[in-house]
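Participant: Protein chains in written order, with my numbering: chain B, 181 to 501; chain D, 1406 to 2033.
Ideal placement from N, C-alpha and C gives every residue a C-beta, glycine not left out.
Model, not experiment: these values are computed from the prediction.
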């Protein structure tokens, strides 16, 4: 197991190098916007453009820039470790901004994940064990609605109803946990629920499908024949096998969400990683784009690793040696 | 482009926003039939605003910052030798002494400007000392320092003696600026510059304290430490430890990715200032990435006003059609022209007849409709907006390419095209291959994308077939600003004044001496010579001489701004000459800026200088306090 984990961690480094080199090619070798020209202002002189290029470190050959970037990521830069550089737009270290924003995104992602698991799995189980009943059809119908409903629509409708009309929600924006726990909770509930609805619907449908298939397996029949209670059959034998794909999916979903739930963050004005990254792409703020890319790549690969390890626990058939 | 950078939005989200926006506001009548304005506005409260993105171009460092949103904020924080009254319309574009006691004493040859500073104007804490002429001189040393990248330094380089933007640091004195005592500053110019006083009203020319700013040697770094000398300062500025450079930490009231909070400057003396009313106790500008949310919050009373974001069409529709809401919608001249630019270096636009035909045929009313109607602007009939020309050449008096309902005159366009070398059979439709597959750069944002079909079909009537290429705003600008790209035609271009003088249009946009390889804003390459073309590495059009207006610009520049009528007439004549003998663009819109306020606003005012709300003239009644 440990050898497997070490091997996978080394793969993280390889993935990181591949992802960053592709990002570098996209943003430096095939640029649509020259950040030096953009930031040199209106009617810049050649000297001004050169000065900006120098200040941004863009006057060095691309391979050198890339090598420096990688070096800083691993060994740190003047702003500490990991070295994520300096934002062109805000003239401040990317690291400080990143950690401020990733905290918001992590809260959003994990809070939503708890809700969608709490809703999606029970509904999936219920639909499976009461397959083809009214409960099943109603649950799956609602799930289909949420799968089909775009997050931005759900978000805006949620705001309209709970903030604008009913005044139950304090509206958009983010309040730090440390400033006021109740305000934090009040501001996060709606984004959590909106983001969770889409995923809960997916998970419910998936759990239902897996569960129906599992419950038809021979070992389930054997368990019943041996006289086990139905709840034991369902939760101990059926659910465990049905959950393995859920583990895979949640790992990937959480990894991706750490890169930012762009739409949810934008609709609810949460200053997270996602909308920051999107704005930075349009503004040509390359250090931010690179930083987010690197961290998301790490998050996704690490989540994959965690998923694989949990898999081994849940499914004894999986062996790593 | 101009000062205001365009915000980029998620297209899908924008559509959704537009759809849901109407619903969000539908049941909430916050208007009450009047805009809440009172005759005698009360002091107090906090002016709470939000914006989708600051869009700072230089980290809010006044030396290099070029975005109008920042220029509006500086109006509340910094005093310049000459300033404006921060009010709407032509009076808001008039220069008045601010830091100076009176307009300057100008030498007879127009080369020496002497200003006296008002006594008793103090820096906000922690400095708490008098503003001196040396602070003003230091601001110019910063503009001249190459590493600080003064983004509109070109207004001073080659104008003030000793300024070329190539100084290694801000420590180097500018030879053309003298400070014989703390209250006197003298500018020695290289050449008579009629609009020099306007140039001194720009934020980069406001005093900067050396003891703080010397610690910041790169472009934009001072933006987190800006010291105030006007009525408001950044919240927490008084806590800045200026004992050493290492001790300074960014001022708490400003996070460029989240918000800016201004509070009253305790050292400010209202008696020294007749241009700022300063009703509110504080100003908050927070970033809200959801544009619809900004307008919802204004309606809900959580915010007092929008700033730069334009309301989605359904929201706008509510305000235009609901008489109770209408008073809360404010549409003011943006002092900006939007235009289709045509490149002299790329056929068929090397032929004046083709350029004129494009002007004749353009359906400007259709474009205005795509923008959302007259609330967003007036149809432009020439290049420089009349407000920047001191009211000269209003559309009602000058339209060299008139048409019924501004829908374009196809017959006149064809008459013009018949005279072109690209119409061999003289049927008024271009039949040369040069008129086909012409790349037209455009933006991928709603109003531009919506206008595209109108422009394409208009040009098609005279045989000009363009291939639109939609890009993000900055990419679109970079593409057309790189001369070697030889972009024939572009729909993404707009230009706003830097200050209310037509030279801010004439020099960057039409002067051949402004043509540079990258970052070029003379998109048509007006006045380019064969030698310049060679240096730029592009072919010069055969059998054509691109007309130059450089001499006309120089002639206008010799007339000082204290002779506004003559100066404006000179530039008006220049504009007419351009329209009739060069047709560099098809100007289609003189834009308006839209602001939505809530019923908490008891006095609304627009700052014509910055083009957005006036922070120092607005009053609110919201009992809000400055956030801690």
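(1) Secondary structure at residue 1995 of chain D, three-state DSSP: helix, strand or coil?
(2) For the segment 219-240 of chain B, enumerate the residues whose C-beta is nearer than 8 Å to any C-beta of chain D, in chain order.
(3) Along the chain, which unbroken stretches of the alpha helix (DSSP H) at least 4 residues long are found entirely within the segment 1456-1512 of chain D?
(4) Give, in chain order, every residue of the segment 1695-1712 of chain D whose Cβ lies closer than 8 Å to some Cβ of chain B.
(5) Taking Cβ positions only, does residue 497 of chain B come closer than 8 Å to chain D?
(6) Does DSSP put residue 367 of chain B in a helix, a strand or coil?
(7) Mind checking the segment 193-211 of chain B against chain D and listing, in chain order, the residues whose C-beta falls within less than 7 Å of any C-beta there?
(8) Starting from residue 1770 of chain D, follow the alpha helix (DSSP H) in both directions and report where the run begins and ends.
(9) Please report how far the alpha carbon of residue 1610 of chain D lies from the alpha carbon of residue 1859 of chain D, in whole angstroms.
(10) In three-state terms, what does DSSP make of residue 1787 of chain D?
(11) Compare the C-beta of residue 401 of chain B against all C-beta atoms of chain D and say whether one is closer than 8 Å.
(12) Which residues in the same chain have their Cβ closer than 7 Å to the Cβ of residue 1964 of chain D, if we skip the five residues on either side of it in sequence?
(13) Note down, in chain order, every chain A residue with its Cβ under 8 Å from the Cβ of residue 1663 of chain D.
(14) Is residue 217 of chain B close to chain D? Criterion is C-beta to C-beta, closer than 8 Å.
(15) Confirm, please, whether the CB-CB distance from residue 413 of chain B to residue 400 of chain B is below 8 Å.
(16) With 9 Å as the limit, tell me which residues of the segment 433-450 of chain B have their beta carbon closer than that to any beta carbon of chain D; keep them in chain order.
(17) Look up residue 259 of chain B in the DSSP assignment and say whether it is helix, strand or coil.
(18) Shorter than 8 Å from the beta carbon of residue 424 of chain B to some beta carbon of chain D?
(19) Give the DSSP-derived three-state secondary structure of residue 226 of chain B in the structure shown.
(20) How would you call residue 361 of chain B, buried or exposed, if buried means at least 16 neighbouring beta carbons within 10 angstroms?
(21) Check whether the Cβ atoms of residue 1464 of chain D and residue 2015 of chain D sit closer than 8 Å, and answer yes or no.
(22) Does DSSP put residue 281 of chain B in a helix, a strand or coil?
(23) To the nearest angstrom, how far is the alpha carbon of residue 1793 of chain D from that of residue 1869 of chain D?
(24) Closer than 7 Å: is that where the CB of residue 1698 of chain D sits relative to any heavy atom of the ligand PLP?
(25) Against chain B, with Cβ distances strictly below 8 Å, would residue 1439 of chain D count as a contact?
(26) If we cut at 8 Å on Cβ distances, does residue 460 of chain B have a partner in chain D?
(27) Which residue wins for smallest C-alpha separation from residue 2032 of chain D, given the options D:1608, D:1667, D:1890, D:1921?
(28) Measure the CB-CB distance between residue 1694 of chain D and residue 455 of chain B and report whether it falls below 8 Å.
(29) How long is the line joining the alpha carbons of residue 1915 of chain D and residue 1559 of chain D, rounded to whole angstroms?
(30) How long is the line joining the alpha carbons of residue 257 of chain B and residue 1852 of chain D, rounded to whole angstroms?
(31) What are the start and end residues of each continuous alpha helix (DSSP H) run of 4 or more residues lying completely inside the segment 1918-2001 of chain D, in chain order?
(32) Taking only beta-carbon atoms, is residue 269 of chain B less than 8 Å away from chain D?
(33) Please list, in chain order, the residues of the segment 349-366 of chain B that have any C-beta partner in chain D closer than 7 Å.
(34) Quick one: any contact between the segment 1778-1787 of chain D and the segment 1984-1998 of chain D, if contact means 3 or more CB pairs under 8 Å?
(35) Can you tell me the Cβ-Cβ gap for residue 450 of chain B and residue 354 of chain B, rounded? I've got them flagged as a contact below 8 Å.
(36) Output needed for residue 1957 of chain D: all residues of its chain with C-beta closer than 6 Å, excluding positions within five of it in sequence on either side, in chain order.
Facilitator: In short:
(1) Sequence index remark: in the second chain, residue 1995 of chain D carries index 590 (1-based). Reduced to three states, the DSSP call for residue 1995 of chain D is strand.
(2) The segment 219-240 of chain B vs chain D, Cβ under 8 Å: 219, 220, 221, 222, 223, 224, 225, 226, 227, 228, 229, 231, 232, 235.
(3) The qualifying runs are 1473-1482, 1494-1497.
(4) Of all residues in the segment 1695-1712 of chain D, only 1695, 1697, 1698, 1701, 1702, 1705, 1707 come within less than 8 Å of chain B when Cβ atoms are compared, listed by chain position.
(5) Mapped onto the first chain, residue 497 of chain B falls at position 317. With a threshold of 8 Å between beta carbons, residue 497 of chain B makes no contact with chain D.
(6) Position 187 of the first chain, counting from 1, holds the residue named residue 367 of chain B. Residue 367 of chain B: helix per DSSP, three-state reduction.
(7) Listed by position along the chain: nothing, the set is empty.
(8) Here residue 1770 of chain D refers to the residue found at position 365 of the second chain. Segment 1769-1776, the alpha helix (DSSP H) holding residue 1770 of chain D.
(9) Reading the second chain from its first residue, position 205 is the one you call residue 1610 of chain D. Reading the second chain from its first residue, position 454 is the one you call residue 1859 of chain D. The C-alpha of residue 1859 of chain D is placed about 43 Å away from the C-alpha of residue 1610 of chain D.
(10) By 1-based counting over the second chain, the position of residue 1787 of chain D is 382. Of the three classes helix, strand and coil, the one that applies to residue 1787 of chain D here is coil, per DSSP.
(11) Walking along the first chain from the start, residue 401 of chain B turns up at place 221. With 8 Å as the cut-off, residue 401 of chain B does not count as an interface residue toward chain D.
(12) For this step, residue 1964 of chain D is matched to residue 559 along the second chain. Taking C-beta separations shorter than 7 Å and ignoring five residues to either side along the sequence, the partners of residue 1964 of chain D in its chain run 1599, 1971, 1972, 1975, following chain order.
(13) Here the protein chains are B and D, and chain A is not one of them.
(14) For the purposes of this step, residue 217 of chain B is taken as residue 37 along the first chain, with counting starting at 1. Using a CB distance cut-off of 8 Å, residue 217 of chain B counts as an interface residue toward chain D.
(15) The count along the first chain starts at 1 and reaches residue 400 of chain B at position 220. The count along the first chain starts at 1 and reaches residue 413 of chain B at position 233. The Cβ atoms of residue 400 of chain B and residue 413 of chain B sit closer than 8 Å to each other.
(16) Of all residues in the segment 433-450 of chain B, 442, 443, 445, 446, 447, 448, 449, 450 have a Cβ within less than 9 Å of some Cβ in chain D.
(17) As a first step, residue 259 of chain B must be located in the first chain, where it is residue number 79. Three-state result, residue 259 of chain B: coil.
(18) As a position in the first chain, residue 424 of chain B is number 244, starting the count at 1. Chain D places no beta carbon closer than 8 Å to that of residue 424 of chain B, leaving this residue out of the contacts.
(19) Sequence index remark: in the first chain, residue 226 of chain B carries index 46 (1-based). Secondary structure of residue 226 of chain B (DSSP, three-state): helix.
(20) Taking the first chain and counting its residues from 1, one reaches residue 361 of chain B at position 181. By the neighbour-count criterion, in which 16 or more other beta carbons inside 10 Å mark a residue as buried, residue 361 of chain B falls on the exposed side.
(21) The residue you call residue 1464 of chain D lines up with position 59 of the second chain. The residue you call residue 2015 of chain D lines up with position 610 of the second chain. Taking 8 Å as the Cβ cut-off, residue 1464 of chain D and residue 2015 of chain D do not qualify as a contacting pair.
(22) Residue 281 of chain B sits at position 101 when you count from the first residue of the first chain. Looking at residue 281 of chain B - three-state DSSP - the assignment turns out to be helix.
(23) Position 388 of the second chain holds residue 1793 of chain D. Position 464 of the second chain holds residue 1869 of chain D. So the two alpha carbons sit approximately 33 Å from each other.
(24) Judged by which ligands are present, the structure shown has none, so any question about the ligand PLP falls away.
(25) Position 34 of the second chain, counting from 1, holds the residue named residue 1439 of chain D. Per-residue confidence for residue 1439 of chain D stands at a pLDDT of 46, beneath the threshold of 50, marking its modelled position as unreliable; the derived number appears in the next sentence. Answer no: the Cβ-Cβ gap between residue 1439 of chain D and chain B never drops below 8 Å.
(26) Position 280 of the first chain holds residue 460 of chain B. No, residue 460 of chain B does not count as interfacial toward chain D.
(27) As a first step, residue 2032 of chain D is located in the second chain; it is residue number 627 there, counting from the start. Distance from the Cα of residue 2032 of chain D is smallest, within the candidate group D:1608, D:1667, D:1890, D:1921, for D:1667.
(28) Counting from one through the second chain, the residue named residue 1694 of chain D turns up at place 289. Counting from one through the first chain, the residue named residue 455 of chain B turns up at place 275. In contact: residue 1694 of chain D and residue 455 of chain B (Cβ atoms closer than 8 Å).
(29) Taking the second chain and counting its residues from 1, the one referred to as residue 1915 of chain D is at position 510. Taking the second chain and counting its residues from 1, the one referred to as residue 1559 of chain D is at position 154. Cα to Cα, the separation comes out at about 15 Å.
(30) The residue you call residue 257 of chain B lines up with position 77 of the first chain. The residue you call residue 1852 of chain D lines up with position 447 of the second chain. Each residue's Cα considered, the two are about 43 Å apart.
(31) Whole alpha helix (DSSP H) segments, 4+ residues: 1935-1941, 1955-1962, 1969-1986.
(32) The residue you call residue 269 of chain B lines up with position 89 of the first chain. Chain D contact via Cβ: present.
(33) Within the segment 349-366 of chain B, the qualifying residues are 351, 352.
(34) The segment 1778-1787 of chain D is in contact with the segment 1984-1998 of chain D.
(35) Stepping through the first chain from its first residue, residue 450 of chain B is reached at position 270. Stepping through the first chain from its first residue, residue 354 of chain B is reached at position 174. So it is a contact: roughly 5 Å between Cβ atoms.
(36) The residue given as residue 1957 of chain D occupies position 552 in the second chain. Closer than 6 Å at Cβ, skipping near neighbours: 1979.
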